[in-house]
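Sequential numbering of the sequence shown, starting at 1, is according to UniProt numbering.
Where is the CB? At the ideal position from N, CA and C, for every residue including glycine.
Every value quoted in this text rests on a predicted model; they were computed, and no experiment measured them.
A short write-up of the structure that comes next.
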Amino acid sequence: MTSAIVLAAGKGTRMKSELPKVLHPVCEKPMIMHIFEKLEASRIQDKIIVIGHKGEMVRETIGNGVKYAYQLEQKGTGHAVMQAIPQLRDEGNTLIITGDTPLIQEKTILSLLEKHQQANNDGTILITKFEDPTGYGRIIRNKDGEVIDIIEEKDANHEQRKIQEVNTGIFVFKNKSLIEGLPLIENNNVQNEYYLTDMVSILNKQNKKFGSYLLFDNAQVMGINDRKQLEQAEDIMRKYNNRFGCKK
Numbered sequence: 001m002t003s004a005i006v007l008a009a010g011k012g013t014r015m016k017s018e019l020p021k022v023l024h025p026v027c028e029k030p031m032i033m034h035i036f037e038k039l040e041a042s043r044i045q046d047k048i049i050v051i052g053h054k055g056e057m058v059r060e061t062i063g064n065g066v067k068y069a070y071q072l073e074q075k076g077t078g079h080a081v082m083q084a085i086p087q088l089r090d091e092g093n094t095l096i097i098t099g100d101t102p103l104i105q106e107k108t109i110l111s112l113l114e115k116h117q118q119a120n121n122d123g124t125i126l127i128t129k130f131e132d133p134t135g136y137g138r139i140i141r142n143k144d145g146e147v148i149d150i151i152e153e154k155d156a157n158h159e160q161r162k163i164q165e166v167n168t169g170i171f172v173f174k175n176k177s178l179i180e181g182l183p184l185i186e187n188n189n190v191q192n193e194y195y196l197t198d199m200v201s202i203l204n205k206q207n208k209k210f211g212s213y214l215l216f217d218n219a220q221v222m223g224i225n226d227r228k229q230l231e232q233a234e235d236i237m238r239k240y241n242n243r244f245g246c247k248k
């Protein structure tokens, strides 16, 4: 059984709008609904939505047929996932995806899940590369090329910021490993937040198997944090002429 946790509690302050970030439209459809369509197409029926800022508006848009969890305080992605754990099954796998990546495709989700399951990983991260990785967490590998950590940009040193391989914010975990690992996340970082990305180093320290899947089409995982990026996302949808669900 595969579940999905969609992180949709953020305020989206840089949008400069009273509308929750995940409800801003891309091609006349709230960005979170693009994600839901891809989850449905990927045959993921068990969905948990983590809502917070103006959560009732998000809930009204999505409707019934999904589960909801509330993140009343914004304490990071790890903290957001913690709110969904009580509704998660002990067995199976869970896809975790942010609610501001409306360009993600069904094929990518299915490929990530397949890689995770075939390798029997405890955790798998979807990664990509940007020539300018500003704003993204950097992927740290060991000498054997294995992903051993993710460093958020605000915590990265000068050399780490040169790394072009980045975290997309999309993961798959075995439920058991996720449930056991989350309580070990600490907030000893610049933001004093609980980062879900810390699960990478936690699983590595436990000698559990962590893998990665490299996505070459980085447009699919472009996060939307402001009006300019919102316009860029719509341009990409139109450029692909319905490939991403938007007509010219």
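Residue pairing by DSSP places residue 6 opposite 49, 97 in a beta bridge.
25 is the residue among 33, 25, 136 whose C-alpha sits nearest the C-alpha of residue 234. Counting along the chain, no alpha helix (DSSP H) covers residue 90, and no H or E run does either.
Between the region 116-131 and the region 155-169, the count of Cβ pairs shorter than 8 Å is three or higher; the stretches touch. Comparing alpha carbon positions, the residue from 180, 87, 22 closest to residue 226 is 22. In the assembly as shown, residue 11 is an exposed residue. Its beta-carbon has fewer than 16 other beta-carbons within 10 Å. Here residue 83 is buried. Its C-beta has 16 or more other C-beta atoms within 10 Å.
Note that the C-beta distance between residue 39 and residue 222 is not below 9 Å.
Put simply, the backbone Cα of residue 106 is about 6 Å away from that of residue 42. About 5 Å separates the CB atoms of residue 174 and residue 122; that is less than 8 Å, so the two are in contact. Listed in chain order, the beta strand (DSSP E) runs fully inside the region 155-198 are 165-174, counting runs of at least 3 residues.
Between the region 138-149 and the region 46-61 there are fewer than three C-beta pairs closer than 8 Å, too few to call the two in contact. Ranking 118, 217, 7 by CA distance to the CA of residue 211 puts 118 first. The beta carbon of residue 8 lies closer than 7 Å to those of 22, 32, 49, 50, 51, 58, 99 in the same chain, with the five residues before and after it left out.
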